[in-house]
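Visitor: Everything in the sequence shown is counted per UniProt numbering, starting at 1 for the first residue and increasing by one. All residues carry an ideal CB built from backbone N, CA and C; glycine is no exception.
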Amino acid sequence: MIETHKKTMIMLQQQQQQQQMQMQQQQQQQQQELLKQQTQQHQHTYTQQQQQQQQQQIDKQNQNLLDDDAEAEKTGALLCTMISCKFR
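(1) In angstroms with no decimal places, state the Cα-to-Cα distance between K6 and L12.
(2) Quick one: grab the DSSP three-state call for M9.
(3) Whole angstroms are fine: how far does the CA of Q54 sit from the CA of residue 156?
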């Protein structure tokens, strides 16, 4: 009877240990998955920021080109006016 009780207790302990190990494994997997998601999110945010910065640079360059064009048109118009006045 005592031997059976010992065996039962040992089996129960083993089951508990197995359950604890399984729970630990599940927790580790969940933590790894969470870390993976956080890393992906961070990478995505970083990529978005880079794209926004590039777009801002492109917009700024385009605006500079438009400003240069407008300035060139003014200068050209002024030259035409000066030349036509000279030949009148």
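Guide: In this structure, then:
(1) Roughly 10 Å between the two C-alpha positions.
(2) Annotated three-state conformation of M9 is helix, per DSSP.
(3) Because residue 156 is not part of the residues shown, which for the chain are 1 to 88, the question remains open.
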